[in-house]
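What follows is one structure encoded as C-alpha cells, with my remarks underneath.
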Amino acid sequence: MSVRRKSADVVPVAPAVARQRRGSDLSDKVAMFNKKFHEHHEKQLSNPFSDVERPEGYQIAKLDVNDPNYGRPPAGSMTELRGKKANQHMRKEWRTLCETIYDCGYRFPDGTAIIRFGDLFNIYNTISDKCVGNLLSARKHGFVSFEGEMLYQRRDEDTEITLAKPIEEIVKLLPIVFDPNQHLLDNLQE
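Residue numbers (this note's numbering): 1 to 190.
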C-alpha cells in the first residue's frame with residue numbers, strides 16, 4: 001500500500017531556482033565537453049598521423065628516429081603503466097619457468113638443468129596454461145634452449161629443454177622487485 005503525500009508535506013521550490021540549478025548543471029557539462037574537445041583537438045594537431053585539418057602554415061614537429069623517446073609512450077601515461085605491468089608479468093613468468101626447470105629437472109654442477117618437454121608440460125600446466133608460449137619467449141630472451149622452432153604435445157615429448165644460463169644468474173637477471181606503485185598497476189582495467 002502506498003502512502004500519499006499531502007500537498008502540505010511537499011516543500012515548494014521556486015521555478016526559477018529549479019531552472020537555474022538544471023541550467024548550471026547543463027552548462028557545466030557543456031563547458032567540460034568543450035574543454036575536452038579543445039584539448040583533444042590540440043593534441044591531434046601535433047600528431048603527425050592524424051588527418052585533422054590544420055591551419056595553413058602550421059608546422060608539425062618532425063619525428064626523430066634518434067630521439068630516445070621515439071616509439072615510446074609519454075612518461076606517466078596509462079600506456080606506459082600497462083607496458084611496465086606487462087614487462088613485470090613476463091619477467092615473473094620466465095623466472096617461474098626457469099625455477100621449475102631447475103627444481104624438477106636434472107641438475108648440472110654448473111647451475112643449469114635439463115628436463116624433457118613432456119615432463120615440463122605436465123608439471124608447468126598446473127602453474128600456467130602458457131607453457132609453450134613462455135618457453136618460446138624465454139628462448140628468445142636467452143634463458144632456455146631447445147631444438148626446433150615449435151613444441152607440440154605428444155610429438156615433442158622427448159625434446160630436451162635446457163637452461164641456457166645458471167639459475168643464480170637467471171635469478172639476478174629476473175628479480176622480483178617490490179614496486180610501491182604496484183597497486184596502480186594491479187588496478188588497471190584489463
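Glycine residues also receive a C-beta, built at the ideal position from the N, C-alpha and C atoms.
**Message:** If the criterion is Cβ atoms closer than 8 Å, does the pair residue 94 and residue 143 meet it?
**Reply:** yes
**CA-to-CA distance, residue 163 to residue 125, given in whole angstroms** = 18 Å
**Message:** Check this for me: beta carbons of residue 116 and residue 160, under 8 Å apart or not?
**Reply:** yes
**Request:** Could you tell me if residue 57 is buried or exposed, where buried requires 16 or more neighbouring beta carbons within 10 angstroms of its beta carbon?
**Result:** exposed
**Prompt:** Hey, would you say residue 52 sits closer than 8 Å to residue 41, going by beta carbons?
**Reply:** yes
**Request:** Specify the secondary structure class of residue 30 as computed by DSSP and reduced to three states.
**Result:** helix
**Message:** Short of 8 Å in beta carbon distance, which residues of its chain neighbour residue 110, apart from the five on each side in sequence? Order them along the chain.
**Reply:** 166
**Request:** For residue 144, name the three-state secondary structure that DSSP assigns.
**Result:** strand
**Prompt:** Comparing alpha-carbon positions, which option in 130, 151, 112 and 137 lies nearest residue 169?
**Reply:** 112
**Request:** Using the Cα positions of residue 47 and residue 103, report the straight-line distance between them to the nearest angstrom.
**Result:** 51 Å
**Request:** Counting only the same chain and skipping the five closest in sequence on each side, list residues whose C-beta sits under 8 Å from that of residue 44.
**Result:** 50 and 52
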